[in-house]
Amino acid sequence: MAPSDLLAFAASPEPEARLPWALARAAYLSKADLVSQMVFEFPELQGTMGRLYAQLEGQPDDVALAIEEHYLPRGAEGRIPRGDLGALIGLADRLDTVVGIFSVSKGPSGSRRDPFGLRRAVIGILSILRGRRLHLSFQAAVDEA
Numbered sequence: 002m003a004p005s006d007l008l009a010f011a012a013s014p015e016p017e018a019r020l021p022w023a024l025a026r027a028a029y030l031s032k033a034d035l036v037s038q039m040v041f042e043f044p045e046l047q048g049t050m051g052r053l054y055a056q057l058e059g060q061p062d063d064v065a066l067a068i069e070e071h072y073l074p075r076g077a078e079g080r081i082p083r084g085d086l087g088a089l090i091g092l093a094d095r096l097d098t099v100v101g102i103f104s105v106s107k108g109p110s111g112s113r114r115d116p117f118g119l120r121r122a123v124i125g126i127l128s129i130l131r132g133r134r135l136h137l138s139f140q141a142a143v144d145e146a
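Numbers in my numbering are just positions in the sequence shown, counted from 1, shifted up by 1.
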């Protein structure tokens, strides 16, 4: 897409027309807060600081919210993303983690330990899918990841 087309697309008043741009922008910025001193000192603020930094930089509200929500759920019983962007980025991030770890043969060893967060990632995927009533071909998702 040419830059002029991208600008016209991003400026569209139709929310549906902005979705691919907003999704790409939120995904691009989703981990930027991890290099901040605030998140280094207070890791529990990851995502929250990302949203605040995005708002300070003038990013659209849906992009800023997605940056925060893509970390949800934070635990097995945690709340799930309310927004579509946060849910999609959260799914993609977790699928990337699971596929990446298995691709280097570091899958579960049978012990109770979860050093790479695989159990947490899979629980997050399942929670988002169930809570948002989404259907996903796991094979297709793995192939794309």
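Note that beta-carbon positions come from the ideal geometry of N, C-alpha and C, so glycine has one too.
Evaluate residue i with the Cβ neighbour count: other Cβ atoms within 10 Å of its Cβ, from every protein chain shown; 16 or more gives buried, anything less gives exposed.
{"i": "H71", "result": "buried"}
{"i": "G125", "result": "buried"}
{"i": "P44", "result": "exposed"}
{"i": "V105", "result": "exposed"}
Just how far apart, CA to CA, sit residue i and residue j?
{"i": "I129", "j": "A93", "result": "11 Å"}
{"i": "W22", "j": "L86", "result": "11 Å"}
{"i": "V100", "j": "S138", "result": "14 Å"}
{"i": "G108", "j": "G91", "result": "20 Å"}
{"i": "V143", "j": "R95", "result": "11 Å"}
{"i": "L57", "j": "D63", "result": "14 Å"}
{"i": "P61", "j": "A55", "result": "8 Å"}
Comparing C-alpha positions only, which one of the options sits nearest to residue i?
{"i": "I68", "options": "V123, R26, I124", "result": "R26"}
{"i": "G132", "options": "G76, F103, R80", "result": "R80"}
{"i": "L135", "options": "M39, A77, G84, S37", "result": "G84"}
{"i": "E78", "options": "P116, M39, R121, D97", "result": "R121"}
I'd like to know if the stretch 48-65 and the stretch 17-35 are in contact, where contact means that at least 3 CB-CB pairs between them fall below 8 Å. yes
In chain order, which continuous runs of the beta strand (DSSP E) of length 3 or greater are located wholly inside the stretch 112-137? none
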